[in-house]
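Written below as structure tokens is the structure these notes are about.
Here it is, written out as structure tokens:
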């Protein structure tokens, strides 16, 4: 036997058929091969193994001791191969699988409830796991392959990741009805000069975008409240002591009768939300299907609420 010999699946299937049927002709018919092709496969297997597997008689083939010893191993190998094929067929048919997503709690509450409901109904045997992370942990979870992909706005995207635009959001002002800015038909960045503001902590959410936008507009920020969660900014704004600067989509998600949502103008500041994956890592079929459902829900407007005259962010074009 050659130490480098590796039997092919065709040889193993031919051996099994001949062992069970005892005739080359019957085995050839079962395998949809010619009798001579089956004979060649058996001879190649015997030569590679260095052992005769069958004794040839005038009427049939009888397995030798080596053939009897080999059949159990061959059947186990072929059974494992068939199981592997069935498993991949199940994955292609989405009969089973898993999707793991990194996303901040704020963004998850805004985007995922309708999407997960639709996805679970369409693919009930695929498990969906949400890794709700802080903004400063987002990229490390994706790059470290703790998740399949992420949904977010990386502030320091490097060469290790790929980004595909999912939707475009804008910054807005949220204030109580009794606040002085509530009377303005249109709120400009210049109107925020010196106003008491609530926004995210440094390194969280939209804080960097707020600071850079204010600097370009020549506005002095008076940040009186720094929060980790946008929901905290909204309920603080209800007190009337300060206004909140938050993403429009999230303000729409948690709209409250005591609050007004006003677009910020001059300039209008936008940010893109991306699908983020590790460069060079292929997404599973289940992950691809989840992303398809996510895009469908955004395009149909089911993943985003509409309140008053404030425009819902439009889904970005697929790239």
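In the working numbering, the protein residues as written are 692 to 1010.
From the three backbone atoms N, C-alpha and C, an ideal C-beta is built for every residue, glycine too.
Model, not experiment: these values are computed from the prediction.
Flag this pair as yes or no: are the beta carbons of residue i and residue j separated by less than 7 Å?
i	j	result
residue 718	residue 728	no
residue 790	residue 822	no
residue 841	residue 967	yes
residue 732	residue 705	yes
residue 912	residue 962	no
residue 797	residue 895	no
residue 810	residue 984	yes
residue 964	residue 857	yes
residue 904	residue 960	yes
residue 759	residue 736	no
residue 726	residue 716	yes
residue 800	residue 977	no
residue 884	residue 914	no
residue 935	residue 928	yes
Closest to residue i by CA distance: which of the options is it?
i	options	result
residue 831	964, 757, 792	792
residue 825	697, 843, 790, 965	843
residue 820	828, 813, 807, 827	807
residue 956	863, 945, 987	863
residue 932	871, 919, 907	871
residue 714	702, 752, 730, 914	752
residue 814	988, 980, 959	980
residue 695	724, 711, 738	738
residue 989	945, 716, 818, 803	803
residue 930	771, 939, 724, 916	916
residue 754	710, 975, 859	710
residue 1012	772, 907, 906, 861	This structure cannot settle anything about residue 1012, because the visible part of the chain is limited to 692 through 1010.
Using DSSP's beta-bridge definition, name the partner residues of residue i.
i	result
residue 818	789
residue 721	None; residue 721 has no bridge partner.
residue 969	852
residue 794	823, 842
residue 1017	This structure cannot speak to residue 1017, because the chain is shown only from 692 to 1010.
residue 878	955
residue 864	936, 953
residue 962	860
task = Would you be able to state if there are at least three C-beta pairs under 8 Å between the stretch 880-891 and the stretch 917-927?
result = yes
Segment contact, 8 Å Cβ cut-off, at least three pairs: the stretch 942-961 with the stretch 866-882 = yes
task = Kindly provide the ranges of any beta strand (DSSP E) runs that are 3 or more residues long and lie completely inside the stretch 889-950, ordered along the chain.
result = Runs of the beta strand (DSSP E) spanning 3 or more residues and lying entirely within the stretch 889-950 occur at 913-918, 934-938, in chain order.
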